[in-house]
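The block underneath contains the structure these notes are about, expressed in structure tokens.
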Amino acid sequence: MIEGGAPLTGEIATGGAKNSALPALAACLLTGEPVTLERIPRVRDIRTMEELLEYTGAKVSIGEGLVKVDASAIARPEAPYDVVKTMRASSLVLGPLVGRCGRARVSLPGGCAIGGRPINLHVAGLEKLGATIRQEHGYIEAQAPDGLKGAEVHFDRITVTGTEDLVMAAVLARGETVINNAAREPEVVDLCALLTKMGAKIAGAGTSTIRIEGVAKLSGVRHAIIPDRIEAGTFLIAGAITHGDLTVTGCEPEHLRALIAKLEQAGAAVEQPAKGALRVRVPRKLKSVDVTTEEHPGFATDLQAQFMALMTQAEGISIITETIFENRFMHAQELARMGANIRLDGRRALVAGPTRLSGAQVIASDLRASASLVLAGLAASGETSVDRVYHIDRGYEQIEAKLAGVGARIRRVSDGRRLTKAAEEAN
Ligand code: EPU
43 MIEGGAPLTG
53 EIATGGAKNS
63 ALPALAACLL
73 TGEPVTLERI
83 PRVRDIRTME
93 ELLEYTGAKV
103 SIGEGLVKVD
113 ASAIARPEAP
123 YDVVKTMRAS
133 SLVLGPLVGR
143 CGRARVSLPG
153 GCAIGGRPIN
163 LHVAGLEKLG
173 ATIRQEHGYI
183 EAQAPDGLKG
193 AEVHFDRITV
203 TGTEDLVMAA
213 VLARGETVIN
223 NAAREPEVVD
233 LCALLTKMGA
243 KIAGAGTSTI
253 RIEGVAKLSG
263 VRHAIIPDRI
273 EAGTFLIAGA
283 ITHGDLTVTG
293 CEPEHLRALI
303 AKLEQAGAAV
313 EQPAKGALRV
323 RVPRKLKSVD
333 VTTEEHPGFA
343 TDLQAQFMAL
353 MTQAEGISII
363 TETIFENRFM
373 HAQELARMGA
383 NIRLDGRRAL
393 VAGPTRLSGA
403 QVIASDLRAS
413 ASLVLAGLAA
423 SGETSVDRVY
433 HIDRGYEQIE
443 AKLAGVGARI
453 RRVSDGRRLT
463 KAAEEAN
């Protein structure tokens, strides 16, 4: 429940990146020695990945802000449907399991609210590395009894977890692997940094060509996950949409360049008061800007829904184009129920503003859509209730406590976990 209208002021802290922590946890399967990961956010998707590791036989111990994984014995190189259906990133274990064990059996993810989530590119890449892949009974079965062999792989389109999956498969392969048209996301770079510490030989992380020279064995290490740029970006937009004066701490401004540029074009002032901190204010009226989502370093699709909420408060027409996922405008209908003026035209949304938002009962459809509804609720007059809030718990750690700490009138009235079953059905 959100009572809108309060400007957010003060400092709000960023946690570790969910989308970096997920591949990092999967990477722990590549070594028999214990790996300690720091700054792992306590969000639902991470718990799901930990359950997946435990299912394979790895031991997972969770401490204050850190997770230790001991994958000395992998009894079952498998990811069952029950786990995969709640989190599509489960396919991230395919590469490491086949790389380490010579075989893997991973349930195929279904579609989800934001569009189909195929893993054909992960599969084609593994085949290039010599794996034999069969698809049966909803599972992908990969076999490479003599180990994987390095090869040149060209991704037809840029895929973040596909790049991560293939890097993890290649680090223990014989010889050199070259990945062309690789994803350049900071999360890919963080994974490569972790693997390099473990003893992998990787060049070109953060560029479109990644070269991996296979090694025989990786070791246990300690590694801190990068800050969550999407959480930080969501908070920056929260500061702007409430006309507050908010400082987001513990973030990496370099990872947020595309969002900062758009916020500034829209009339917000964004400054860096200290290392790892960004302060946002809105000294003048917000004006509309156009946004097209792209792979990194372009504007992140994971911030599109939140930016759309902001554009409902900007003067003029904003054209928001989604190029990564085919159905990532589910929030538009809900924002319209709060008074937004949004017209959808295929992959484009036309947002006319400014409109006065008024609190309403709305339903979250996916993780980032639910964040946009919370942002709209913060700017609306009266009370907004966001239903199916379990979506937000998949990727934001205690968002209501963090926002309340900077002046938001927000409280949780029911525990999303009791609704897990409904979440699985909706996911
Ligand atoms: N695609 C294929 N075949 C594949 C893989 C991808 O056609 O084998 C297509 C997808 O359907 C999509 C496009 O390629 O249209 C890009 O998808 P990508 O593979 O890059 O997405 P992902 O790796 O499944 C990650 C994030 C998403 C984020 C996207 C895009 C993780 C765990 N997830 O997903 O995060 O939106 O990259 O940046 O890293 C979120 O956190 O809310 C979230 C959805």
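So in this note's numbering, spot 418 of the sequence shown is number 460, and the numbers just go up one at a time.
Note that CB positions come from ideal geometry on N, CA and C, so glycine has one too.
Asked                                                                                                        : Found
Range covered by the alpha helix (DSSP H) that runs through T98                                              : 86-98
Every unbroken alpha helix (DSSP H) within the region 392-442, with a cutoff of 4 residues, ordered by chain : 409-421, 432-435
For L377, the three-state DSSP class (helix, strand or coil)                                                 : helix
Environment of E444 [buried if 16+ CB atoms lie within 10 Å]                                                 : Checking the sequence shown, residue 444 turns out to be Lys, not Glu. That one is buried.
C-alpha gap between G318 and E273, whole angstroms                                                           : 14 Å
Where G180 falls, given that 16 or more other Cβ within 10 Å makes a residue buried                          : exposed
Cβ neighbour criterion (16 or more within 10 Å) applied to V455                                              : exposed
Beta-carbon proximity list for T51, same chain, < 7 Å, skipping 5 on both sides                              : G286, D287, L288, V448, G449
Test item: CB-CB of L415 and E376 under 9 Å                                                                  : yes
Check whether V213 and G256 have beta carbons under 9 Å apart                                                : yes
Counterpart residues of N222 in DSSP-defined beta bridges                                                    : H196, T251
Option nearest T284 by Cα separation, candidates Q314, R323, R271, P295                                      : R323
heavy atom of the ligand EPU below 8 Å from F341 C-beta                                                      : no
8 Å Cβ shell around A258 - same chain, five flanking residues per side excluded                              : L214
Pick from K60, L79, E96, L301 that is closest to T335, judged by C-alpha positions                           : L301
Pairwise C-alpha distance: P396 and Q403                                                                     : 21 Å
Contact test: T201 Cβ vs the ligand FMN heavy atom, cutoff 8 Å                                               : What this structure holds is the ligand EPU, not the ligand FMN.
Same chain, Cβ closer than 8 Å to C143, neighbours up to 5 away in sequence not counted                      : I116, P119
Rounded separation between G358 and G46 - CA only                                                            : 23 Å
Euclidean distance between Cα positions of S62 and V135                                                      : 14 Å
Same chain, Cβ closer than 6 Å to I366, five either side skipped, listed in chain order                      : T335, T343
CB-CB length for A374 against A391, believed under 8 Å                                                       : 6 Å
Simplified DSSP assignment, three categories, for S62                                                        : helix
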